[in-house]
Amino acid sequence: MEIRRVRFDHPDAVALNDRVQLEYAERYGEGDLTPLDPDQFDPPRGLYLLVYDEQGRPVASGGWRAQEANDEGYADGDAELKRMYVIPEARGLGLARRVLAELEASARAAGRIRMVLETGTKQPEAIALYASSGYVPVTKFGLYRDYESSRCMGKALDRPVPLPDRRAAGSAPRV
0 MEIRRVRFDH
10 PDAVALNDRV
20 QLEYAERYGE
30 GDLTPLDPDQ
40 FDPPRGLYLL
50 VYDEQGRPVA
60 SGGWRAQEAN
70 DEGYADGDAE
80 LKRMYVIPEA
90 RGLGLARRVL
100 AELEASARAA
110 GRIRMVLETG
120 TKQPEAIALY
130 ASSGYVPVTK
140 FGLYRDYESS
150 RCMGKALDRP
160 VPLPDRRAAG
170 SAPRV
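Quick note on numbering: numbering that gives the first Met the number 0 labels position 103 of the sequence shown as 102, and the sequence is numbered without any gaps.
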């Protein structure tokens, strides 16, 4: 498997987005109507990833876009996770977890403070993935914040703690 950075309007990204929209329609009766502009996913204010299998087929996607405090309930420094998707034939291989880790690292490096996402009650596998990755319920935000089936989750993007320099503490380096 290979993870590639692409634009949100890349033909393979569009094809996977079409597939996830069909899945949303099957589960909820309609696709996700959240307005998305491809430019929102351009670094350093976002990132979009595709995973390709050994045959070069796109099998998974995910991205984040920067958000700041606004009337939809976002907070300054948020990175909003969007379009996490793995095609049914590639599920169970840990791809979503790998994409999530890459997106978190990118958002952290871009100075984002918190990763947030909105999912729904008809996606229990997504809720389980996020909960097992350290996400907790947060105040609802975004287009679906008033929907009963909406579930909003977030995770602080803590900065990595540097290891102490032992020489600074008086220890001599080993030779």
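For glycine and all other residues, C-beta sits at the position ideal for the given N, C-alpha and C.
From a predicted model like this one, the values you see are computed outputs, not experimental measurements.
| query | What residues match up with Pro57 in a beta bridge as DSSP calls it? | reply | Partner(s): Tyr51.
inquiry  = If you reduce the DSSP assignment to three classes, tell me which class Ile2 lands in.
reply    = Residue state, collapsed to three classes: strand.
Next on the checklist: Going by beta-carbon coordinates alone, are Leu156 and Ala106 separated by less than 8 angstroms?
Outcome noted: The beta carbons of Leu156 and Ala106 sit closer together than 8 angstroms.
Whole-angstrom distance between Thr138 and Arg150, CA atom to CA atom:
Using only the alpha carbons, I get a separation of about 9 angstroms.
*Output the distance between the C-alpha atoms of Val5 and Pro42, rounded to the nearest integer angstrom.*
Their backbone Cα atoms lie some 10 angstroms apart in a straight line.
Can you tell me whether Thr120 is buried or exposed, with buried defined as 16 or more other CB within 10 angstroms of its CB?
By the beta-carbon neighbour count (other beta carbons within 10 angstroms, threshold 16), Thr120 is exposed.
Residue(s) in a DSSP beta bridge with Leu46:
Beta-bridge pairing links Leu46 to Trp63.
Checking the sheet assignment: what are the DSSP bridge partners for Met152?
DSSP lists Leu116, Pro136 as the bridge partner or partners of Met152.
message = Taking contact to mean 3 or more Cβ pairs, one atom from each stretch, closer than 8 angstroms, check whether the segment 59-67 and the segment 77-85 are in contact.
response = Touching, yes.
Same chain, Cβ closer than 8 angstroms to Glu29, neighbours up to 5 away in sequence not counted = Only Tyr23 meet the Cβ criterion.
**Prompt:** If we ignore side chains and look at the alpha-carbon of each, how far apart do Gly153 and Tyr134 end up?
**Reply:** Looking at the two C-alpha atoms, the distance is approximately 5 angstroms.
Own chain residues within Cβ distance below 8 angstroms of Arg173, not counting five before or after = Any reading at Arg173 needs caution, since the residue's pLDDT is 40, under 50, leaving its predicted position unreliable; the model's value is listed next. Nothing meets the Cβ criterion.
Contact between the segment 81-100 and the segment 14-22 is defined here as three or more beta-carbon pairs at a separation below 8 angstroms; is this criterion met? By the Cβ test, the segment 81-100 is in contact with the segment 14-22, since at least three Cβ pairs between them sit closer than 8 angstroms.
Under 8 angstroms between the Cβ atoms of Ala100 and Ala59? Taking C-beta atoms as the reference points, Ala100 and Ala59 fail to come closer than 8 angstroms.
Who are the Cβ neighbours of Tyr27 in its own chain at under 8 angstroms, not counting the five residues just before and after it?
-> Within the same chain, and ignoring the five residues on either side of Tyr27 in sequence, the residues whose Cβ sits closer than 8 angstroms to its Cβ are Gly119, Lys121, Ser148.
Mapping DSSP to helix, strand and coil, what is Asp41? The three-state reading of DSSP puts Asp41 in coil, since its state is none of H, G, I, E or B.
**Prompt:** For Leu92, which option in Met114, Asp11, Asp52, Glu103 has the closest C-alpha, if you only look at C-alpha atoms?
**Reply:** The residue among Met114, Asp11, Asp52, Glu103 with its C-alpha nearest the C-alpha of Leu92 is Asp52.
Check your understanding: Would you say Ala95 and Leu128 are within 8 angstroms of each other, going by their C-beta atoms?
Key -> Contact flag set, yes.
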